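Right, one structure below, let's go through it.
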Amino acid sequence: MATIADLEHGQKGIIKDFSENSLPIKLMELGCLPGNTVELVQVAPLKDPIYINVNGSHIAIRRSMAKQIELDLLEDPKAI
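As numbered in my numbering, residues 2 to 81 make up the sequence shown, in order.
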């Protein structure tokens, strides 16, 4: 199963589920909910945190948290 931590720069996915029930409420309030699209914007130099775009909100999350958010990857439209 792919997670947010597996995304490449600019790649998108749709949030499918959470591997644990310990996701902070603040992330859910900012749009990290099943069915929403997530895009990887940037990765910090030491690989943590990572910056994502969820429903127009840019959010920085720890890589350990990103590994808990499962995705269905979207095909890259540039590859077609």
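Glycine included, every Cβ here is placed at the ideal spot set by N, Cα and C. No experiment lies behind these values; they were computed from the predicted model shown.
* Ser20 to Ile53, Cα distance in whole Å? -> Your numbering for residue 20 matches position 19 in the sequence shown. Your numbering for residue 53 matches position 52 in the sequence shown. When only Cα atoms are considered, Ser20 and Ile53 end up about 18 Å apart.
* Three-state class that DSSP yields for Ser58 in the structure shown -> Residue numbering aside, residue 58 sits at position 57 when the sequence shown is read from its first letter. Residue state, collapsed to three classes: strand.
* Asked: Using a Cβ-Cβ cut-off of 7 Å (strictly less than) and excluding sequence neighbours within five positions of Leu31, which residues of its own chain qualify?
  -> One-based indexing of the sequence shown puts residue 31 at position 30. Counting only Cβ-Cβ distances below 7 Å, and skipping sequence neighbours, we find Val55, Ser58, Ile60.
* If I'm right that Ile16 touches Ile70 with Cβ under 8 Å, what's the distance once you round it to whole angstroms? => Mapped onto the sequence shown, residue 16 falls at position 15. Mapped onto the sequence shown, residue 70 falls at position 69. Indeed they touch by this definition, with Cβ atoms about 6 Å apart.
* Lys27 - DSSP class collapsed to helix/strand/coil -> As a working mapping, residue 27 is identified with position 26 in the sequence shown. In the structure shown, Lys27 falls within a helical segment according to DSSP collapsed to helix, strand and coil.
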